[in-house]
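Taking it in order: structure first as structure tokens, then the write-up.
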Amino acid sequence: MNDVYTPPKVWTWEPGNGGAFANINRPTAGAQTEKELPIGKHPLQLYSLGTPNGVKVTVMLEELLAAGHSGAEYDAWLIKIGDGDQFGSGFVAVNPNSKIPALMDHSTPTPTRVFESGAILMYLAEKFGAFLPTDSSARAECLSWLFWQMGSAPYLGGGFGHFYAYAPEKFQYPIDRFTMEVKRQLDVLDQRLSDNKFVCGDDYTIADMAIWPWYGGLVIFEQYDAAEFLYVASYTNVVRWANELHSREPVKRGRMVNRVRGEAHEQLRERHDASDFETKTQDKLEAAE
Ligand SMILES: N[C@@H](CCC(=O)N[C@@H](CS)C(=O)NCC(=O)O)C(=O)O
């Protein structure tokens, strides 16, 4: 064991504990600066970043557009969470929890705000009548898996990812605890996908879109550089499903939106029009400078 910690009677905050993101973490909520959000030409305004939680929504919007729902045209604005954009007053008005993704729908009689990626996926699925079954049993199954993701991913990101990749030092106790949980979750998914094409059965739904960026990321994109440590190749059904989803063009497009890392031609930092994928990727913007 590392040094033993005896908690004080009352916890107090010590800014900058050395972990990644320590500069933006606070024990308080609410706006820290006055800053309005920009509003583009489309009814749907997304304020986000290309992290797994952000990608869920851009994949859904690109899938809706590919399926012919032209009302799903959207502006995607970049929220730089490392710079604290999520604590601006405009953003906090859309999401009091100060986390991406956050959506405003200006097509409703008064604008509708939606935060939490699961709520956004459900809102869009209901608005467009797509990617969520209407039969009540099939819908219950789909929502069960959607909320499984919401409850499970914090153990993957906030637990495993934090202690394995981001903490200032490696501590065996939390790494063991969260590795066991993440492997259990991968096994849940692997067993489910052993006799189901998609998470909810034969149809591709918002549950796949929610789960793929996290667990697909782990098995096909080396998330947290942990593929070998977690022996992800052994979850063959998850690997099959993750690759199948990645071969979809709307998934590839959704993954590019609000992305600020990786290959320049795969980054479309802001998206305001479908043609932006052809003309405004980071490689093209940089070449034009
Ligand atoms: N449960 C939330 C989680 C959102 C979340 O954790 N977003 C992260 C990025 S992936 C964020 O905005 N972090 C900024 C912060 O914590 O200050 C959802 O699914 O929308």
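Per the numbering used here, the very first residue in the sequence shown carries number 775; after that it's consecutive. Ideal placement from N, C-alpha and C gives every residue a C-beta, glycine not left out. Because the structure is a prediction, the values reported are computed rather than measured.
Residue(s) in a DSSP beta bridge with residue i
i	result
Trp851	Tyr821
Phe972	Gly975
Thr807	Gly862
Val1031	Leu1042
8 angstroms CB neighbourhood of residue i in its chain, flanking five on each side removed
i	result
Asp964	Tyr1009, Thr1010, Asn1011, Val1012
Tyr929	Phe952, Glu955, Val956, Gln959
Glu1060	Ala1038
Phe937	Lys944, Phe945, Pro948, Ile949, Phe952
Arg1014	Leu967
Phe934	Ile949, Phe952, Thr953, Glu955, Val956, Tyr998, Ala1000
Ile994	Val1013, Ala1016, Asn1017, His1020
Thr1055	Met1030, Ala1038, His1039, Glu1040, Gln1041, Leu1042
Asp1050	Leu1042, Glu1044
8 angstroms Cβ cutoff met for residue i and residue j
i	j	result
Glu1044	Leu823	no
Pro817	His880	yes
Lys809	Gly862	yes
Phe902	Val868	no
Glu788	Arg1027	no
Gly793	Tyr940	yes
Val831	Leu877	yes
Ala893	Cys974	no
Gln923	Ile874	no
Pro870	Ala927	no
Glu1023	Ala904	no
Gly864	Leu820	no
Ala1016	Gly990	yes
His1046	Gly814	yes
Val866	Ala796	no
Pro987	Pro883	no
Run of the alpha helix (DSSP H) containing residue i, from where it starts to where it stops
i	result
Leu917	910–928
Leu877	Taken as a continuous stretch (DSSP letters only), Leu877 belongs to no alpha helix (DSSP H), being part of the beta strand (DSSP E) at 876–879.
Asp982	980–985
Asn827	826–840
Arg1014	1010–1020
Ala1062	1056–1062
Leu992	991–994
Phe1051	1050–1053
Own chain, CB closer than 6 angstroms to residue i, minus 5 neighbours either side, in chain order
i	result
Glu1040	Met1030
Asp859	Ile853
Gly828	Ser822, Ile874, Pro875, Asn1032
Phe972	Tyr978, Asp982
Thr886	Asp879
His843	Phe902
Beta strand (DSSP E) segment containing residue i, residue limits
i	result
Val888	886–889
Beta-carbon contacts of residue i that lie in its chain and below 7 angstroms, excluding the five residues immediately before and after
i	result
Val1025	Val833, Leu1019
Asp798	According to the sequence as given, residue 798 is Ile; it is not Asp. Within the same chain, Ile798 has close Cβ partners Ile855, Gly856, Gly858.
Take every Cβ of the stretch 842–857, pair it with every Cβ of the stretch 998–1007, and state whether three or more of those distances are shorter than 8 angstroms. no
Does the stretch 910–920 come within contact of the stretch 972–982, defined as at least 3 CB pairs closer than 8 angstroms? yes
I'd like to know if the stretch 949–964 and the stretch 893–911 are in contact, where contact means that at least 3 CB-CB pairs between them fall below 8 angstroms. No, because fewer than three Cβ pairs between the stretch 949–964 and the stretch 893–911 fall closer than 8 angstroms, the two stretches do not touch.
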